[in-house]
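Reviewing the structure listed below.
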Amino acid sequence: MTALGLLIIRLVIGLLYIGHGAQKLFGWFGGYGPKGTGGWMESVGIKPGVLMAVLAGLMELVGGALFALGFLTPLAAALLVLTMLGAIVKVHARNGLWSTADGIEYPLVLLVVLIGVAMIGAGTYSLDFLLQ
128 MTALGLLIIR LVIGLLYIGH GAQKLFGWFG GYGPKGTGGW MESVGIKPGV LMAVLAGLME
188 LVGGALFALG FLTPLAAALL VLTMLGAIVK VHARNGLWST ADGIEYPLVL LVVLIGVAMI
248 GAGTYSLDFL LQ
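So for the sequence shown, this note's numbering puts the first residue at 128; every next one is plus one.
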């Protein structure tokens, strides 16, 4: 049951990050693409905006795919943790804890899940397990 639980966590979290990366990189799923996301990033002090949007999008897309597959899971988690730390520091921290005020609550939950899975391991339903 533990392996199935880890698979569900990895798939949901990983696929959502793939979606966020695709929003930034391609404008899919209601996203704004590199130019639109880059403009927003510049407005919150993340410069150069377009480059940072592309880097964040790549980290989310690649990290999300690796995390979902359970392949190089510590590296995948590290890529995604970096994006969450950036979001917390540059966007959410000034708004306090609760997500109702756009605070750190939700990004913090994601960060803890990523670190937890990286520490526990991806489980037996993962490429990490199959390739060991």
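Each residue gets a CB set at the ideal place from its N, CA and C atoms; glycine is no exception.
Practice prompt. Mind checking which residues open and close the alpha helix (DSSP H) that includes Ala153?
Written response: Note on residue identity: the sequence assigns Phe, not Ala, to residue 153. Per DSSP, Phe153 is one residue of the alpha helix (DSSP H) stretching across Thr129 to Phe153.
Discussion item. For Thr227, count the other beta carbons within 10 Å of its own beta carbon; 16 or more makes it buried, fewer makes it exposed. Which is it?
Written reply: exposed
Fill in: His219 to Ile231 span [Cα, whole Å]
5 Å
Worksheet item: For Asn222, which residues from the same chain have a beta carbon less than 8 Å from its beta carbon, with the 5 sequence-adjacent residues on both sides left out?
Response: Ala228, Asp229, Gly230 and Ile231
Discussion item. Mapping the DSSP letters down to three states, classify Ile173 as helix, strand or coil.
Written reply: coil
Item to complete: Please name the residue, chosen from Ala180, Ser253 and Pro175, that lies closest to Pro161 on a Cα-to-Cα basis.
Response: Scanning Ala180, Ser253 and Pro175 for the CA closest to the CA of Pro161 turns up Ala180.
Worksheet item: Hey, how far is the Cα of Gln259 from the Cα of Gly132?
Response: 20 Å
Worksheet entry | Of the listed residues Thr251, Ile140, Tyr233 and Leu182, nearest to Phe194 (C-alpha basis) | Ile140
Fill in: Distance CB(Ala203)-CB(Gly148) smaller than 9 Å
no
Discussion item. I need the boundaries of the alpha helix (DSSP H) containing Val240, first residue and last residue.
Written reply: Glu232 to Ile247
Fill in: Rounded Cβ spacing between Ile173 and Val244 (contact assumed at less than 8 Å)
About 27 Å separates the two Cβ atoms, so there is no contact after all.
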